[in-house]
Amino acid sequence: ETGVTQSPTHLIKTRGQQVTLRCSSQSGHNTVSWYQQALGQGPQFIFQYYREEENGRGNFPPRFSGLQFPNYSSELNVNALELDDSALYLCASSSGSERETQYFGPGTRLLVL
Amino acid sequence: AQSVTQLGSHVSVSEGALVLLRCNYSSSVPPYLFWYVQYPNQGLQLLLKYTSAATLVKGINGFEAEFKKSETSFHLTKPSAHMSDAAEYFCAVTGGGNKLTFGTGTQLKVEL
């Protein structure tokens with residue numbers, strides 16, 4: 001069984017640029033959630049996708065957007081990057097119920113200069 | 001709305017000593033509670049979870065946690081710390097939705 005994978009592992013961008021992060025969910029899971037973890041902080045919920053539809057969103061501006069594909073993999077897009085967007089971005093997959101475990105990928109570390 | 005408070009951003013114990021990491025939650029609906037561990041430069045790994053069955057939950061690597069509704073707590077314990085337990089630990093809650101709300105984390109240091 002393949003776990004959650006994310007790409008790339010590291011990324012350096014400059015302010016104002018756009019970035020796309022990718023996530024492949026664990027086999028059998030139809031739900032993907034994205035979290036932002038700033039240095040020294042706990043992960044913060046960005047949004048969740050369930051069967052290709054957005055299914056909840058945290059307190060993040062619209063320049064954070066996402067997609068989920070028919071194979072349940074997902075993308076996180078961030079436009080007009082700001083310095084404060086520098087963080088570890090974590091993807092988690094699950095079967096959708098709130099009592100089910102969310103399995104996390106290794107994350108993508110984004111540095112905005 | 002849900003929230004989690006982890007008391008103590010840093011905890012230091014001797015190898016072989018009891019580990020106690022504190023977590024208090026707030027939830028307007030019956031909560032589901034999780035403990036995750038994060039090793040440096042890695043993602044999060046589930047240690048254990050409470051989903052309204054037994055209040056004492058056993059997890060991986062010898063960790064356990066007890067759900068106490070009257071105290072709104074879900075503290076993580078391990079009888080005997082090992083050097084490999086050094087990591088950051090996060091308590092999280094869901095309830096009324098499928099998003100995890102995390103605490104700010106507790107960095108566990110294990111000393112010889």
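Protein chains in written order, with our numbering: chain C, 1 to 113; chain R, 1 to 112. Every residue, glycine too, gets a C-beta built ideally from N, C-alpha and C.
Chain C residues whose Cβ lies nearer than 7 angstroms to that of residue i
i	result
R/G105	G42
R/F102	G42 and P43
R/Y32	E98 and R99
Contacting residues, own chain, Cβ-Cβ under 6 angstroms from residue i (five flanking each side not counted)
i	result
C/N79	Q18 and R63
R/Y50	L33, V57 and F67
C/S65	N77
R/S73	N24
R/L7	R22
C/A83	Note that residue 83 of chain C is Leu in the sequence shown, not Ala. Cβ neighbours of C/L83 beyond the five flanking positions: V112.
For residue i, the residue or residues it bridges with in DSSP
i	result
C/I46	C/I46 is not bridged to any residue.
R/T72	For R/T72, which the question treats as bridged, DSSP gives no partner whatsoever.
R/H10	R/Q107
R/V4	R/Y25
C/F69	In the DSSP output, where bridge partners are listed per residue, C/F69 has none listed.
C/H10	C/R109
R/K99	Answer is none; R/K99 lacks a bridge partner.
C/S93	C/V32 and C/Y103
C/E52	Its beta-bridge partners do not exist; DSSP assigns none.
C/R22	C/S7 and C/E75
R/A92	R/F34 and R/F102
Span separating the alpha-carbon of residue i from that of residue j
i	j	result
C/P61	R/L112	46 angstroms
C/R15	C/L90	21 angstroms
C/L110	R/E15	35 angstroms
C/Q6	C/A87	15 angstroms
R/E71	R/A54	16 angstroms
C/Q44	R/N98	13 angstroms
C/E98	R/N41	27 angstroms
C/I46	R/G105	18 angstroms
C/K13	C/E52	28 angstroms
R/Q107	R/L44	14 angstroms
R/L47	C/L39	22 angstroms
C/T108	R/E88	18 angstroms
C/N71	R/S12	44 angstroms
C/Y49	C/S33	6 angstroms
R/G62	R/K109	17 angstroms
C/R57	R/I60	31 angstroms
R/E64	C/Q37	25 angstroms
R/S26	C/L81	33 angstroms
Contacts that residue i makes with chain C (C-beta to C-beta distance below 8 angstroms)
i	result
R/T94	E98 and R99
R/T51	R99
R/F90	G42 and P43
Cβ-based neighbour list, residue i, same chain, cut-off 8 angstroms, excluding 5 preceding and 5 following
i	result
R/S122	With chain R represented from 1 up to 112, any question about residue 122 of chain R goes unanswered, as that position is not in the structure.
C/Y103	G3, V4, Q26, H29, A92, S93 and S94
R/A92	V4, L33, F34, W35, Y36, L100, T101, F102 and G103
R/L18	T77, K78, P79, S80 and A81
C/L11	V19, L21, T108, R109, L110 and L111
Residue i: contacting residues in chain R (beta-carbon distance under 7 angstroms)
i	result
C/S33	K99
C/Q102	L100
Interface partners of residue i on chain R, CB under 9 angstroms
i	result
C/L90	G43 and L44
Other residues of its chain near residue i: CB distance less than 7 angstroms, five sequence neighbours each side excluded
i	result
C/L67	S74 and E75
Chain-ordered neighbours of residue i on chain R, where CB pairs are closer than 8 angstroms
i	result
C/G105	G43
C/G56	G97, N98 and K99
C/Q36	Chain R residues near C/Q36: none, gap ~11 angstroms exceeds 8 angstroms.
C/Q48	N98 and K99
Chain C contact residues for residue i, given Cβ-Cβ distances below 9 angstroms
i	result
R/Y39	Those within 9 angstroms of R/Y39 in chain C number zero; the least Cβ separation is about 10 angstroms.
Notebook entry, point to check: What residue ranges within the segment 36-75 of chain R form continuous beta strand (DSSP E) runs of no fewer than 3 residues, ordered along the chain?
Noted result: Runs of the beta strand (DSSP E) inside the segment 36-75 of chain R: 44-50, 56-58 and 64-68.
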